[in-house]
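K.L.:
Just so you know, we're using UniProt numbering here: the sequence shown kicks off at 1 and counts up by one.
Built from N, CA and C at the ideal position, the CB exists for glycine as well.
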Amino acid sequence: MIKQQIQELSNKIFDDVVANRRHLHSHPELSFHELQTSVFVANKLEELGLEYHKMADTGLVALIKGDKPSNNVIALRADMDALPITEANDVPYKSQNVGVMHACGHDVHTSSLLGTARILTELKSQFAGTIKLIFQPAEEKLPGGASIMIKEGVLENPKPQAVFGQHVMPLIDAGKVGFRAGKYMASTDELYVTVKGRGGHGAQPQQNIDPVIITAHILTALQQVVSRFADPKSPSVLSFGKVIANGATNVIPNEVYLEGTFRTLDEKWREEAHKRMKKMAEGIAESMGGSCEFTIMRGYPFLINEEKLTAATRGYAEDYLGKENVLDLDIWMAAEDFAYYSQAAASCFYRLGTRNESRGITSSVHTPTFDIEEDAFKISTGLMAYLAIKQLGN
1 MIKQQIQELS NKIFDDVVAN RRHLHSHPEL SFHELQTSVF VANKLEELGL
51 EYHKMADTGL VALIKGDKPS NNVIALRADM DALPITEAND VPYKSQNVGV
101 MHACGHDVHT SSLLGTARIL TELKSQFAGT IKLIFQPAEE KLPGGASIMI
151 KEGVLENPKP QAVFGQHVMP LIDAGKVGFR AGKYMASTDE LYVTVKGRGG
201 HGAQPQQNID PVIITAHILT ALQQVVSRFA DPKSPSVLSF GKVIANGATN
251 VIPNEVYLEG TFRTLDEKWR EEAHKRMKKM AEGIAESMGG SCEFTIMRGY
301 PFLINEEKLT AATRGYAEDY LGKENVLDLD IWMAAEDFAY YSQAAASCFY
351 RLGTRNESRG ITSSVHTPTF DIEEDAFKIS TGLMAYLAIK QLGN
């Protein structure tokens, strides 16, 4: 039985997968600079006898073809880049690149997909169809490695009927996975705003055009974009995390600089919101005697899991893990460049539980103390192999 064979192989390679993850965790590389990571993955693919080709500079793509005839193709994706964070964990595999850390689990995704490739390679004689492996750079930095690989043809020759991605989730216990059909993760746009006035002495405001007061009005008014213009049935988030005035107790500055983020799950509303935010901020500044430069750096689109594909995939996961280990996910307003695949092909992006409260492994992603319960590898490699084989119609 194919499920039992996959489970046995998953257990067999567990120690090697953990070792690969620890190597990658110790040697993290930032987005678009995954040079040694790419070499490491290439060497592992060569050990499996798999041919590969480069895309997006450091990305790699390889094919595993089942021995039985079929035109069906599916793709499995893992991201490889790390974050500019200094690791605070005291572990043997702590980052050796100071200021760079695998704080979002991309080391887990890459080592897991390598493990899945090993399983699938050993089982080639038992399935029909082609599995495309996508090792992608630069998920963490715009414009996103996914968009570049798609432009370079990663979803062509051969064209996959479905694309799968797996991502760590420290809110879910190791041994479990989570799924959500339909809209799952938000689009993301970066906002860069400069409000200009005329600075001067704080005791003579009548001689100045105070950009701090203008900014206060803009910040308050912009929240109406979400509370009064957005459909309340469709989530939107507008947040500003940086406001710099650089005046003093008695100095009104010439300008105020802001940075923020806008996120939503509706592309049509996204476009409308961009226009409303810009028009509102510029109008308020002008009405108060100042000016506003409102720049929107367009980020990733929203991520959607194709309904039928995700329902089928969830069923395969329940068969492999048991229903009690497959959970429902809520909408997640974070962003992920896997969204580009989901906009171009039927896709399923699911979550891998990595939490272990008894060992204190509970930190969120993008924090200096993020780590995983490595027992998660006991299901991650085998589950993705099983999903792939079943989705190919075997």
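1. If I measure Cβ to Cβ from residue 44 and keep anything under 6 angstroms in the same chain, skipping five residues before and after, which residues do I get?
2. Would you decide whether residue 165 is buried or exposed? Buried here means 16 or more other CB atoms lie within 10 Å of its CB.
3. Excluding the five sequence neighbours on either side, which residues of its own chain have a C-beta within less than 8 angstroms of the C-beta of residue 63, listed in chain order?
4. Hey, residue 99 and residue 196: beta-carbon distance below 8 angstroms or not?
5. Would you mind giving the Cβ-Cβ distance between residue 137 and residue 56, rounded to the nearest angstrom? I have them listed as a contact below 8 angstroms.
6. Which full runs of the alpha helix (DSSP H) of 4+ residues lie inside the segment 118-170, going along the chain?
7. Assess contact between the segment 374-387 and the segment 172-183, defined as three or more Cβ pairs (one per stretch) separated by less than 8 angstroms. Is contact present?
8. Between the C-alpha atoms of residue 25 and residue 168, what's the straight-line distance to the nearest angstrom?
9. To which residues does DSSP link residue 309 through a beta bridge?
10. Within the continuous alpha helix (DSSP H) that includes residue 72, where are the two ends?
11. Please report the distance separating the alpha-carbon of residue 9 from that of residue 382.
12. Within 10 angstroms of the Cβ of residue 71, are there 16 or more other Cβ atoms? Answer buried if so, exposed if not.
13. Considering residue 214, what are the terminal residues of the alpha helix (DSSP H) in which it resides?
14. List the endpoints of the continuous beta strand (DSSP E) containing residue 24.
15. Pull up the distance between the alpha-carbon of residue 13 and that of residue 261, whole angstroms please.
16. Between residue 156 and residue 122, what straight-line distance do the alpha-carbon atoms span, to the nearest angstrom?
17. I believe residue 341 touches residue 144 by the beta-carbon criterion, under 8 angstroms. Please report the beta-carbon distance rounded to the nearest angstrom.
P.N.:
With the structure as the only source:
1. 114
2. buried
3. 50, 51, 130, 131, 132, 133 and 158
4. no
5. 6 angstroms
6. 145-151
7. yes
8. If you take the alpha carbons of residue 25 and residue 168, they lie about 14 angstroms apart.
9. According to DSSP, which records beta bridges pairwise, residue 309 is partnered with nothing at all.
10. Counting along the chain, residue 72 falls outside any alpha helix (DSSP H), though it belongs to the beta strand (DSSP E) covering 68-79.
11. 8 angstroms
12. exposed
13. The continuous alpha helix (DSSP H) containing residue 214 extends over residues 211-224.
14. Per DSSP, residue 24 belongs to no beta strand (DSSP E); it is in the alpha helix (DSSP H), 2-26.
15. 42 angstroms
16. 25 angstroms
17. Not a contact, Cβ separation roughly 10 angstroms.
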